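Reading through the structure tokens given below for one structure.
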Amino acid sequence: MSGKNQLLTPRWTPGTVSDGRTRRLRLGRGLHAPRLGWGGPFGGRSAVEDTGTVYTGPTSQISLIDPFLLGAGLPARGVPVGPDVLTGELVCVDPSGWTGTLTTNPGVWVMAQPGVGKSALIKRICLVYVAYGHMTCVPADVKGEYSMMVRELGGSVLRIGTGTERINPLDSGPLKHRLPSLPTAERGALLDVLNGRRLETLGALLATRVGLGRQANEIERSALTTAVQLAADALPGTDPVVPDVIAVLRQAPEPLRAKLAAEGDTYLDLTRSIVAGLDNLVDGPLKGMFDGPTTSPIDLGAPAVSVDISALRARGNDVVSAGMIASWAYTYSSIDSARSLGLMRRKLVLPMDEMWRALRAGPGLVDAMDSISRLNRTTEDISIYATHSTLDSESLPTEEDRSKARGLMDRCDTWVIGGSTGEELGRISGRRALTEQERMMIESWASATSTGLDTSEQIHPGRGKYLIKLGTRPGIAAAMKLTATERRLFHTDSGGNEIEGDRP
3 MSGKNQLLTP RWTPGTVSDG RTRRLRLGRG LHAPRLGWGG PFGGRSAVED
53 TGTVYTGPTS QISLIDPFLL GAGLPARGVP VGPDVLTGEL VCVDPSGWTG
103 TLTTNPGVWV MAQPGVGKSA LIKRICLVYV AYGHMTCVPA DVKGEYSMMV
153 RELGGSVLRI GTGTERINPL DSGPLKHRLP SLPTAERGAL LDVLNGRRLE
203 TLGALLATRV GLGRQANEIE RSALTTAVQL AADALPGTDP VVPDVIAVLR
253 QAPEPLRAKL AAEGDTYLDL TRSIVAGLDN LVDGPLKGMF DGPTTSPIDL
303 GAPAVSVDIS ALRARGNDVV SAGMIASWAY TYSSIDSARS LGLMRRKLVL
353 PMDEMWRALR AGPGLVDAMD SISRLNRTTE DISIYATHST LDSESLPTEE
403 DRSKARGLMD RCDTWVIGGS TGEELGRISG RRALTEQERM MIESWASATS
453 TGLDTSEQIH PGRGKYLIKL GTRPGIAAAM KLTATERRLF HTDSGGNEIE
503 GDRP
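Straight run, no breaks: the sequence shown in the working numbering ends on number 506.
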């Protein structure tokens with residue numbers, strides 16, 4: 003045996019020893035045991051190969067055994083997002099299929115800086131789930147970016163603010179044609195529910211700056227409740243419109259005066275503000291949008307529907323807020339009514355892509371989303387909320403409303419986090435535990451590290467990258483690339499460049 007640092011491997015070979023058995027130890031150079039061990043007596047050969055045992059456990063315990071840990075991958079079913087940025091394994095999201103197993107509800111909270119791909123991911127979820135039989139429903143498309151996709155899916159798009167189409171906030175949807183055929187008792191019960199929805203919608207619209215700019219007080223609400231009931235009773239078989247409610251308040255019929263226990267000037271004083279607020283909804287910047295019958299009812303048999311309110315942006319944020327409330331109330335009320343009559347059984351995908359606008363629209367829309375988020379585990383509707391910062395929930399005027407907005411975040415068991423600043427990640431950590439490695443990865447997506455002169459071929463480091471977290475599980479980082487069809491359908495700027503999502 004010669005040379006230094008040679009690998010010596012012991013091997014048992016036959017030989018003679020005093021106990022009558024043969025055994026001799028020979029040291030050879032560069033000899034390794036075969037996969038199943040050496041054969042022969044005392045060779046230690048195994049008939050089968052032990053595949054080993056896989057153990058799982060929390061990172062706080064397993065890290066003491068092996069520091070090289072990686073979160074388990076997600077099931078390869080649902081909506082394909084892209085490869086895992088660390089392992090290359092396909093990452094899929096399936097909020098509907100995960101409910102009851104990996105998550106407690108199908109709510110999804112998507113948060114990142116503007117322009118890193120939130121909308122692209124949401125639209126892909128909508129596209130794929132339509133193929134699974136869901137109905138994509140966009141109750142208030144503020145930027146008009148879903149219209150092309152919905153049309154190419156064979157869906158219907160209702161455009162508000164163009165001067166040609168209207169939504170009646172008091173529309174009864176499919177109930178309109180079914181109420182006359184119902185028994186008296188059942189018809190009365192449904193009418194009470196319907197009038198309650200109408201009252202909620204009008205109250206939410208009045209609370210916007212375009213209306214009263216505040217919540218109606220108890221006397222005004224009582225007057226509005228009776229006026230809505232009287233307007234509906236005066237038009238059996240059809241839906242009242244907001245001008246009908248205004249007319250009842252101005253005519254001051256005896257049942258309304260008796261309800262308020264007021265006559266003459268006293269009655270006028272009690273109802274003056276509520277009448278002025280309703281007038282603002284039909285004869286101000288919203289004129290022609292919510293002051294008449296609905297022009298194009300929602301097609302409940304379509305694979306996708308959208309209410310495009312992008313034309314309202316030129317009229318100011320207050321008008322957009324009122325438009326969002328009215329379109330949400332009309333769209334979801336129509337679907338809910340159809341479900342109550344057994345006319346629709348499909349599950350929904352409800353994207354709220356401009357969550358910050360919805361939160362600033364006022365308590366009416368927050369209440370609607372709060373109700374949906376509490377019931378979607380039963381209806382199995384996928385509600386997707388996209389925003390830029392946790393601070394958006396703090397923009398509401400009262401602590402009660404801010405608490406409801408924070409509750410929306412907490413009830414979403416699936417979080418998708420894109421490029422964000424370190425300060426924002428600190429706030430996120432207060433609601434979803436992030437490891438130091440996860441924070442470093444997300445923060446690295448927030449800004450480019452190079453400022454080279456030629457930026458024509460550069461892609462922002464956070465474009466199309468998301469960390470998907472289910473509850474308190476370790477996050478899975480995925481990188482999404484758009485297909486040719488997606489690049490054509492998804493929203494682009496005037497130069498034809500992709501605003502959301504990565505290049506293929």
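Even glycine gets a Cβ: it sits at the ideal position worked out from N, Cα and C. Predicted model, so just to flag it, every value in this text is computed and none were measured.
Original post:
Out of curiosity, what's the CA-to-CA distance linking G498 and S431?
Top reply: Numbered from 1 along the sequence shown, position 496 holds the residue referred to as residue 498. Numbered from 1 along the sequence shown, position 429 holds the residue referred to as residue 431. Low per-residue confidence applies at G498: pLDDT is 37, beneath 50, and the placement is therefore not dependable, though the value from the model is reported in the following sentence. Approximately 37 angstroms, taken between the alpha carbons.
Subject >> Through-space distance from E445 to E425, alpha-carbon basis >> reply: Looking up residue 425 in the sequence shown gives position 423. Looking up residue 445 in the sequence shown gives position 443. Their backbone Cα atoms lie some 10 angstroms apart in a straight line.
Original post:
With respect to 7 angstroms, is the separation between the Cβ of T89 and the closest non-hydrogen atom of the ligand SAM below this value?
Top reply: With respect to the ligand SAM, the structure offers nothing, as it holds no ligand at all.
Original post:
Cβ atoms of G80 and G109: under 8 angstroms apart, would you say?
Top reply: In the sequence shown, residue 109 corresponds to position 107, counting from 1. In the sequence shown, residue 80 corresponds to position 78, counting from 1. No. Outside cutoff.
Original post:
By Cβ distance below 7 angstroms, which residues in the same chain neighbour R216 in space, the five residues on each side in sequence not counted?
Top reply: Working through the sequence shown from its first residue, we reach residue 216 at position 214. A209.
Original post:
Which word fits A278, buried or exposed, when buried means at least 16 other C-beta atoms lie within 10 angstroms of its C-beta?
Top reply: In the sequence shown, the residue the question calls residue 278 occupies position 276. When all chains shown are included, A278 counts as exposed.
Original post:
How is Q8 classed by DSSP in three states: helix, strand or coil?
Top reply: Taking the first residue of the sequence shown as 1, we reach residue 8 at position 6. Residue confidence for Q8 is low, a pLDDT of 42 falling below 50, so the modelled location carries little weight; the figure read from the coordinates is stated next. Judged by DSSP in its simplified three-state form, Q8 adopts coil rather than helix or strand.
Subject >> Reference L129; option with closest CA among V83, P116, L160 and T89 >> reply: By one-based count along the sequence shown, residue 129 stands at place 127. Among V83, P116, L160 and T89, the Cα nearest to that of L129 is on V83.
**OP:** Using 10 angstroms around the beta-carbon of M443, count the other beta-carbons present and answer buried if the total reaches 16, otherwise exposed.
**Re:** Taking the first residue of the sequence shown as position 1, residue 443 is located at position 441. With 16 or more other Cβ atoms within 10 Å, it is buried.
**OP:** Enumerate in chain order the residues of its own chain whose CB-to-CB distance from G75 is below 6 angstroms, with the five nearest sequence positions on each side excluded.
**Re:** What you label residue 75 is simply residue 73 of the sequence shown in a count that begins at 1. Correct list, in chain order: E91.
Original post:
In its own chain, which residues sit with a C-beta less than 7 angstroms from the C-beta of A233, not counting the 5 before and 5 after it?
Top reply: Locating residue 233 in the sequence shown gives position 231, counting from the first residue. In its chain, beyond the 5 residues on either side, P242, D246, V247 and V250 have a beta carbon closer than 7 angstroms to the beta carbon of A233.
Subject >> Of the listed residues L491, I478 and E488, nearest to P85 (C-alpha basis) >> reply: Taking the first residue of the sequence shown as 1, we reach residue 85 at position 83. Checked all of L491, I478 and E488; the closest Cα to P85 is I478.
Subject >> Neighbourhood of S335 by C-beta distance below 7 angstroms, restricted to the same chain and skipping five residues each side >> reply: By one-based count along the sequence shown, residue 335 stands at place 333. The answer, listed in chain order, is G175 and R199.
Original post:
Can you pull the DSSP bridge partners for T105?
Top reply: The sequence position of residue 105 within the sequence shown is 103, counting from 1. Answer by DSSP bridge pairing, in chain order: T101.
Subject >> Sequence-distant residues of the same chain with beta carbon closer than 8 angstroms to G205, five excluded per side >> reply: For the purposes of this step, residue 205 is taken as residue 203 along the sequence shown, with counting starting at 1. Short of 8 angstroms from the beta carbon of G205, and not among the five residues preceding or following it, lie these beta carbons of its own chain, in chain order: Q217, A218, R223, L226 and G366.
Subject >> Residue burial classification, G119 (beta-carbon count within 10 angstroms, cutoff 16) >> reply: Numbered from 1 along the sequence shown, position 117 holds the residue referred to as residue 119. The residue is buried, with at least 16 neighbouring Cβ atoms inside 10 Å.
Subject >> Pairwise C-alpha distance: T487 and L427 >> reply: As a position in the sequence shown, residue 427 is number 425, starting the count at 1. As a position in the sequence shown, residue 487 is number 485, starting the count at 1. Taking the straight line from one Cα to the other gives about 33 angstroms.
Original post:
Just curious, the alpha helix (DSSP H) that P257 is in, first and last residue?
Top reply: Working through the sequence shown from its first residue, we reach residue 257 at position 255. Bounds of the alpha helix (DSSP H) holding P257 are E256 to L262.
Original post:
For the 8 angstroms Cβ check, are there 3 or more pairs between the segment 304-316 and the segment 180-197?
Top reply: Output reads no: the segment 180-197 does not touch the segment 304-316.
Original post:
Taking the C-alpha atoms as reference points, what is the distance between E356 and T389?
Top reply: Here the question's residue 356 lines up with position 354 in the sequence shown. Here the question's residue 389 lines up with position 387 in the sequence shown. Computed Cα separation, rounded: 6 angstroms.
Original post:
Looking at the unbroken alpha helix (DSSP H) that takes in K125, where does it start and where does it end?
Top reply: On the sequence shown, position 123 is the one that residue 125 refers to. DSSP places K125 inside the alpha helix (DSSP H), whose first and last residues are K120 to A133.
Original post:
Once you ignore the five residues that flank Y148 on each side, which residues in its own chain have a CB closer than 6 angstroms to its CB?
Top reply: The residue given as residue 148 occupies position 146 in the sequence shown. Taken in chain order, the residues that qualify are V140 and S308.
Original post:
Quick one, are the C-beta atoms of R347 and H136 less than 8 angstroms apart?
Top reply: Translated into the one-based positions of the sequence shown, residue 347 becomes position 345. Translated into the one-based positions of the sequence shown, residue 136 becomes position 134. No, the pair does not count as a contact, with Cβ atoms beyond the cut-off.
Subject >> Pairwise C-alpha distance: V212 and D320 >> reply: As a first step, residue 320 must be located in the sequence shown, where it is residue number 318. As a first step, residue 212 must be located in the sequence shown, where it is residue number 210. Take the alpha-carbon of D320 and the one of V212: they are about 6 angstroms apart.
Original post:
Could you give the uninterrupted runs of the beta strand (DSSP E) lying entirely in the segment 279-360, keeping only those of 3 residues or more?
Top reply: 306-310 and 350-354
Subject >> Continuous beta strand (DSSP E) assignments of at least 3 residues falling wholly in the segment 378-417 >> reply: 384-389
**OP:** Look at the alpha carbon of A304 and the alpha carbon of I384, and state the distance between them as a whole number of angstroms.
**Re:** As a working note, residue 304 is residue 302 in the sequence shown. As a working note, residue 384 is residue 382 in the sequence shown. Spanning the two alpha carbons is a distance of roughly 17 angstroms.
Subject >> Three-state class that DSSP yields for G30 in the structure shown >> reply: Here residue 30 refers to the residue found at position 28 when the sequence shown is read from its first residue. Residue placement at G30 is poorly supported in this model, since its pLDDT is 41, which falls under 50; the coordinates still yield a value, given next. Correct three-state label for G30: strand.
Subject >> Nearest-angstrom Cβ-Cβ length linking V418 and Y131, presumed shorter than 8 angstroms >> reply: Numbered from 1 along the sequence shown, position 416 holds the residue referred to as residue 418. Numbered from 1 along the sequence shown, position 129 holds the residue referred to as residue 131. Contact doesn't hold; Cβ gap of about 15 angstroms is too wide.
Original post:
Span of the beta strand (DSSP E) holding S158?
Top reply: Residue numbering aside, residue 158 sits at position 156 when the sequence shown is read from its first letter. That run of the beta strand (DSSP E) goes S158 to R161.
Subject >> Selected residue, minimal CA-CA separation from S323, among P299, I276 and L288 >> reply: To locate residue 323, count along the sequence shown from 1; it is residue 321. If we check each option's Cα against that of S323, L288 comes out closest.
Original post:
Candidates C414, A481, L262 and K471: which alpha carbon is nearest W111's?
Top reply: Position 109 of the sequence shown, counted from the first residue, corresponds to residue 111. Nearest Cα to W111 within the set C414, A481, L262 and K471: C414.
**OP:** Go through the segment 207-234 residue by residue and report every complete run of the alpha helix (DSSP H) that reaches 4 residues or more, in order.
**Re:** none
Original post:
In chain order, what residues of the same chain lie with their CB nearer than 7 angstroms to the CB of G146, ignoring the 5 residues before and after it?
Top reply: Within the sequence shown, the letter at position 144 stands for residue 146. Here the set comprises D310 and S312.
Subject >> With 16 other Cβ atoms within 10 Å as the buried cut-off, status of I461 >> reply: Start at 1 with the first residue of the sequence shown, and residue 461 comes out as number 459. Flag for I461 reads exposed.
Original post:
Based on the DSSP output, what are the partners of V110 in its beta bridges?
Top reply: Taking the first residue of the sequence shown as 1, we reach residue 110 at position 108. Note: V110 sits in a beta bridge opposite I386 and T416.
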